[in-house]
Amino acid sequence: MHINGIMGVIKVENIRVFAHHGCLQEETKIGSDYRVDLKIKANLQPSANSDKLSDTVDYVLLNRIIKEEMRVPSYLLETVAKRILNRIFKEDQLVTKATVSVSKLNPPIGGDVEKVTIKLSEKRKK
1 MHINGIMGVI KVENIRVFAH HGCLQEETKI GSDYRVDLKI KANLQPSANS
51 DKLSDTVDYV LLNRIIKEEM RVPSYLLETV AKRILNRIFK EDQLVTKATV
101 SVSKLNPPIG GDVEKVTIKL SEKRKK
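In this text, residue positions in the sequence shown follow UniProt numbering: the first is 1, and each later residue adds one.
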């Protein structure tokens, strides 16, 4: 039996950021609390064998990408999530699939709503 590698999952969860997204002028001016969750799939066989950071997906890089993209104001969370995915695939060639969730905490939509979440997934194009 031929094994191509160990497909593994790396999760970076509950990244808390303060950002200025939204369609309402007050939202972008005042800002809100957000939560970002990321799940990536990659071949973790090389790093499992070598014990070298250079052979795996660096979650410090993933965290930095998320924080940088969350700083750029956008009307829609979908746009922010797509930018995060684009950067991850561009900057880390080991990532084969990524899922990002961007949640606006306590959204100003009336009533007692904990969060609104946008979730996007994408596979690396061959």
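C-beta: ideal position from N, C-alpha, C; glycine also.
Proximity winner among the options, relative to residue i (alpha-carbon distances)
| i | options | result |
| --- | --- | --- |
| CYS23 | THR117, PRO108, LYS97 and LYS90 | PRO108 |
| GLU122 | LEU105, THR99 and GLY111 | THR99 |
| ASP58 | VAL12, TYR75 and HIS20 | VAL12 |
| GLU78 | ASN14, GLY8, THR117 and HIS20 | THR117 |
| GLU68 | VAL36, TYR75 and SER50 | VAL36 |
Status (buried if at least 16 other CB within 10 Å, exposed otherwise) for residue i
| i | result |
| --- | --- |
| LEU62 | buried |
Cutoff 8 Å; reference residue i; Cβ partners in own chain excluding five residues on either side
| i | result |
| --- | --- |
| PHE18 | GLY31, SER32, ASP33 and TYR34 |
| HIS2 | At HIS2, the pLDDT of 43 sits below 50, so the modelled position is not reliable; the number obtained from the coordinates is stated separately. Nothing meets the Cβ criterion. |
Residue i - partner residues in DSSP beta bridges
| i | result |
| --- | --- |
| VAL80 | VAL80 is not bridged to any residue. |
| ILE15 | VAL36 |
Spatial neighbours of residue i in its chain, beta-carbon cut-off 6 Å, leaving aside the 5 residues before and after
| i | result |
| --- | --- |
| LYS97 | LYS41 and LYS123 |
Within-7 Å CB hit, residue i to chain B
| i | result |
| --- | --- |
| LEU120 | Structure shown: chain B not included; a single protein chain is present. |
Task: Sufficient close CB pairs (3 or more, under 8 Å) joining the segment 80-88 to the segment 41-51 - done: no
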